[in-house]
Every structure is written in structure tokens, then in C-alpha cells.
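Asker: In our numbering, the protein residues as written are 1 to 444.
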Ligand code: GAP
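If you want it as C-alpha cells, here you go:
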């Protein structure tokens, strides 16, 4: 499986999904740039998430809060005090590790450095805060310190009342947000799995205290169904409930949805989290800001501080999941075929249009079809190289449908649709292509 990650990293660069950041300077550790295919795939994932949260529901609304926030926010949230990982160094080779992820006690006399093999060379663990600091304004002093947000959630909590009042929302209701987050991770890696700059898709659902368990279970199920709706193999997803020792400082209960990413000694890794945060967040912001955040319940005539159920998902990790899950190799008549089995709803390109040959008016017909389909779908026109090579290029970026204009088209205005996964072909009238593609996407 490590092998699949290596193959995917190479494929992503070759086909324009993900490039190492600052590539011509030799890259910068664990930072990545999304290329044309990666941007489309990521946008499709984000749109699917936002639509499922806000367009298809009445009780969740969107928000886009600033990355830079008042520094007191991070004191209230607990990040200044508690957003730390234990860091140890090997005194011999200077390799750096997270003590809680080493799988052994680095303080033991025979603890061996995985990099240089020396024993008993680890420093004492020291707590390292993961927030990136910068300065606001021209003076670089303690009073001007601001942080790059390590999660998008806090932007939602501080806007709870703004959204509630402006949208006339009653409990229970949620606020959904997609945006960048930054963490100075000690051990980033595994391609885009753990990076220092990443995107989150977070939704905070505000509820009446006491209804926590009901909504926690509800959102667990909703999130699992959404992931399955992306076409991910069900056997590659599972829940992992946090035990008392695993819970974050804000959580009363937490479950990770894990995906079988395949790397490391344990191939299952966190994809997203669902957390019962109780009254922690609004309570802390009420205390630190001095602004009342209580809710008045019209029905029961009670005032109370809402509790929160959070669903917190990594956009980059979700994208990596679709690549790992979709990566396929097969052999057909002695030839290797590589393709990405991405769900048609999120594939970067929905259909590619090819003239079989560059003559007899086929390119003109194909370009016309392409222009028409572009009104509804992401479509790509390609007339370069043999038809086999053109199919292969589209297979590797996960394009589910290949439309070919051929000799028959000149006679009856029909084209072939080639299905990426089965290689089955069907003929379709050129003027019915839009409807047929919509139908195929619906059925996928
Ligand atoms: N607001 C709660 C929160 O941020 P988290 O478990 O720390 O919870 C949520 O993060 C999700 O964000 C993770 O499940 C993961 O998908 C993503 N994530 C966290 N750190 C990441 C990193 N360094 N690189 C990529 N994705 C990350």
C-alpha cells in the first residue's frame, strides 16, 4: 500500500492533480499545490459537502469567517494553553518525533532511534504549541501577535449570535464553513494526509442541552452516508469511538470516521471527526468576551447556553481518500491499464470528447458537441495522439465518460460513449448526449 501512495504521488504530479509546493526551488516540506485536475476534484468535493449541508437542508447555513481572529479567541478556545504535542529529538542524528506516536517509550534506556539506530539518545519530551504565530501591523511585539487559525470552528462559534439573529434561526440549527487551517505539525507526511496548511469542512450544530446523544448519533450516520454517497467502498470506512484517554479537551464524546488509507503499521487513519462539545465553546467565549451568548427558548421560556455537535472533516484528506479508493490497475490483453474510479459527481472532468481522426469534419463535430456539453458539465476536448492514448490519459484522471465522433457519426449523427470502469460502449444520438450523461451520473 505504501506503494500505492508512491504511485498516486507520481500520478498526481504527472496528471496535474497535486504538485510539490515551490517545486522549482526543490519544494518545501509537506506543502503541496493543487493543479488543474486537483482544483476541480477538490471543488467538486467541497460543493458536494456544502450542498449536502446547506442547500439540501433548511437547518444549516453557510459562513466564511476570517483566518486571522482576535488573539483572545485562542485563549478562550484552549489552543494557547492546550494545543500542544510532545516533541522529542534524537541527540545523535537530530531527528524529531512526536513522543505519543512512536509506539514505544522514548525515555527507556534501550529506546532506539528509528533513523540512526542509536539507543538511549532521546531528549525529554517538551510540549510544542502547533499554532503558527505572526504579527498584525508594522510592530513585531507581544501586543501584535496573531495566529493563523488551526481550525475553522472558532470562526463559527464567535458568529453564533450574528447568524442566529440575522437568519432568525431557532435551535437546533447548524453553521457550515469550508476554509484553510494551519498547524505547525511535528511529523507531517504521507503526501497530503498530514500537512501544515490544509482545508477543513466543518459544521457546528447548536442544540438544546440534553439532546446531545440523539444529535451525536444522527450526525455520525449522516456523515457516514455522505462518504458512502461519494462511491467509497463501505469496507474501507469504519467508526472509531474515542476512549476517555483519547478525548480532546473540549469533547464529551467523539468518534472518528476512519478510512483504510493503507500506510503505516496500522492502515486505518482518521478521515474526519464527530464531536459532542457540550457547552464548552459558547461558555468559554461568553466568559472571555463578556458577551452573553445564551439562547431564549420561545417554547419553554428558558434561557440556556446551547450545546454543540461538531462534524469536522479534512478536505485534502477526503480528496486523498477518493484517490486511494479509486486507484485501479488491471491488465487487458497483456497491457496494463491504470484508472481512477472516481464517482462521476466529483471526477475533475465528466466527459472527454474525441474525434476518431483529424479529418472528414470529425474535429468540427466533436468541438460543437463539446461546446454544447460545456453548458452543463466539465468537458475536455482532445484530438492529440492515438485514440488509445487519449482514452488512457482520461482514465488516469478518472474521466467516467469518453465520447467519440467516428465514421458512423457522419452517417447518423450518433456517437459512442465509452464507460471508464467497464469499458462498455454504447451509441447515443449526439443531441441526446446531455440527457444521457445526466442519467448515467444519476445512476452511478
Ligand atoms: N474542530 C475540530 C478539529 O479541528 P481535528 O480532529 O483536529 O478536529 C479535523 O481536525 C479534521 O481536519 C481531521 O479529521 C482531518 O481530516 C483534518 N486535519 C487535521 N489536521 C490535519 C493536517 N495536519 N493535515 C490535513 N488534514 C488535517
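Using N, Cα and C, we set each Cβ at its ideal position, and we do this for glycine too. In this text, all values refer to a predicted model and were calculated from it rather than measured experimentally.
#1: Can you name, in chain order, every residue of its own chain whose Cβ lies under 6 Å from the Cβ of residue 447, other than the five neighbours on each side?
#2: What does residue 146 pair with, by DSSP beta-bridge criteria?
#3: Report the three-state DSSP secondary structure of residue 202 (helix, strand or coil).
#4: What are the complete alpha helix (DSSP H) segments, minimum 4 residues, inside the region 95-136?
#5: Residues in its own chain within less than 6 Å of residue 238 by CB, not counting five upstream and five downstream?
#6: Please state whether DSSP places residue 432 in a helix, a strand or coil.
#7: Is residue 286 near ligand 1 - that is, is its Cβ less than 7 Å away from at least one heavy atom of it?
#8: I want to check one thing, is the minimum distance from the CB of residue 195 to the heavy atoms of ligand 1 below 7 Å?
#9: Among the candidates 100, 343, 253 and 111, whose CA atom is the shortest distance from the CA of residue 276?
#10: May I have the straight-line CA-CA distance separating residue 446 from residue 357, to the nearest angstrom?
#11: For residue 204, which option in 415, 62 and 315 has the closest C-alpha, if you only look at C-alpha atoms?
#12: With distances taken between CB atoms, is the gap from residue 15 to residue 294 smaller than 8 Å?
#13: So, with DSSP's three-state summary, where would you put residue 297?
#14: Quick one: is the Cβ of residue 101 within less than 7 Å of any heavy atom of ligand 1?
#15: For residue 418 and residue 403, what's the separation of their Cα atoms in angstroms?
#16: Under a CB-based cut-off of 8 Å, is residue 195 close to chain D?
#17: Who does residue 336 pair with in a DSSP beta bridge?
#18: Do you know whose CA, among 72, 114, 154 and 82, lies nearest residue 64's CA?
#19: Is the beta carbon of residue 187 sitting closer than 8 Å to the one on residue 97?
#20: Would the region 321-329 count as touching the region 339-346 if we require 3 or more Cβ pairs under 8 Å?
#21: Locate the alpha helix (DSSP H) running through residue 381, then write down its first and last residues.
#22: Return yes when the C-beta of residue 153 is under 7 Å from any heavy atom of ligand 1, and no when it is not.
#23: I'd like the span of the beta strand (DSSP E) that includes residue 163, first residue to last.
#24: At 4 residues or longer, and completely inside the region 357-439: list those alpha helix (DSSP H) runs for me, N to C.
#25: Could you tell me which residues DSSP pairs with residue 232 in its beta bridges?
#26: Provide the residue span of the alpha helix (DSSP H) that contains residue 46, from first to last.
#27: Put residue 175 into one of helix, strand or coil per three-state DSSP.
#28: Can you tell me where the alpha helix (DSSP H) holding residue 322 begins and where it ends?
#29: Please state the DSSP three-state secondary structure of residue 70.
#30: Less than 6 Å between C-beta atoms, sequence neighbours within five positions excluded: which residues of the same chain meet that for residue 32?
#31: So if DSSP puts residue 268 in a beta bridge, which residue, or which two residues, is it bridged to?
#32: Over the uninterrupted alpha helix (DSSP H) stretch that includes residue 352, give me the two end residues.
Answerer: Taking the definition as stated:
#1: The chain is shown from 1 up to 444; residue 447 falls before or after that span and cannot be answered.
#2: If you number the chain shown from 1, residue 146 lands on position 146. Beta-bridge pairing links residue 146 to 134.
#3: Your numbering for residue 202 matches position 202 in the chain shown. The answer is strand: DSSP assigns residue 202 an E or B state.
#4: none
#5: The residue you call residue 238 lines up with position 238 of the chain shown. So the qualifying residues of the chain are 258.
#6: Looking up residue 432 in the chain shown gives position 432. Residue 432: helix per DSSP, three-state reduction.
#7: Working through the chain shown from its first residue, we reach residue 286 at position 286. The answer is no for residue 286.
#8: Counting from 1 along the chain shown, the entry for residue 195 is found at position 195. Answer for residue 195: yes, Cβ within range of ligand 1.
#9: Reading the chain shown from its first residue, position 276 is the one you call residue 276. Per the Cα distances, 253.
#10: Only positions 1 to 444 of the chain appear in this structure, which leaves residue 446 out of reach.
#11: As a working note, residue 204 is residue 204 in the chain shown. The shortest C-alpha separation from residue 204 is found at 62.
#12: The residue you call residue 15 lines up with position 15 of the chain shown. The residue you call residue 294 lines up with position 294 of the chain shown. Result no, Cβ atoms of residue 15 and residue 294 do not sit closer than 8 Å.
#13: The residue labelled residue 297 in the question sits at position 297 within the chain shown. Strand at residue 297.
#14: For this step, residue 101 is matched to residue 101 along the chain shown. No, ligand 1 has no heavy atom inside 7 Å of this Cβ.
#15: As a first step, residue 418 is located in the chain shown; it is residue number 418 there, counting from the start. As a first step, residue 403 is located in the chain shown; it is residue number 403 there, counting from the start. Roughly 6 Å between the two C-alpha positions.
#16: Judged by its chain identifiers, the structure shown contains no chain D, having just a single protein chain.
#17: The count along the chain shown starts at 1 and reaches residue 336 at position 336. Looking at the DSSP assignment, residue 336 forms a beta bridge with 331.
#18: Counted from its first residue, the chain shown places residue 64 at position 64. Selected option, being the one with the closest Cα: 154.
#19: By 1-based counting over the chain shown, the position of residue 187 is 187. By 1-based counting over the chain shown, the position of residue 97 is 97. Yes, the Cβ-Cβ distance between residue 187 and residue 97 is below 8 Å.
#20: yes
#21: The residue given as residue 381 occupies position 381 in the chain shown. It is not in any alpha helix (DSSP H) - residue 381 instead sits in the beta strand (DSSP E) that spans 379-381.
#22: On the chain shown, residue 153 is found 153 positions in, with the first residue counted as 1. For ligand 1, at least one heavy atom lies less than 7 Å from the Cβ of residue 153.
#23: Sequence index remark: in the chain shown, residue 163 carries index 163 (1-based). Per DSSP, residue 163 belongs to no beta strand (DSSP E); it is in the alpha helix (DSSP H), 160-166.
#24: 362-373, 387-396 and 407-412
#25: Here residue 232 is taken as the residue at index 232 of the chain shown, counted from 1. Answer is none; residue 232 lacks a bridge partner.
#26: Within the chain shown, residue 46 is the residue found at index 46, counting from 1. 36-50 is the extent of the alpha helix (DSSP H) around residue 46.
#27: As a first step, residue 175 must be located in the chain shown, where it is residue number 175. The answer is strand: DSSP assigns residue 175 an E or B state.
#28: For the purposes of this step, residue 322 is taken as the residue at position 322 of the chain shown. Segment 315-326, the alpha helix (DSSP H) holding residue 322.
#29: For this step, residue 70 is matched to residue 70 along the chain shown. In this structure, residue 70 counts as coil in the three-state DSSP scheme.
#30: What you label residue 32 is simply residue 32 of the chain shown in a count that begins at 1. Closer than 6 Å at Cβ, skipping near neighbours: 18, 21 and 192.
#31: What you label residue 268 is simply residue 268 of the chain shown in a count that begins at 1. 260.
#32: Working through the chain shown from its first residue, we reach residue 352 at position 352. From DSSP, residue 352 is part of no alpha helix (DSSP H) but of the beta strand (DSSP E) over 351-355.
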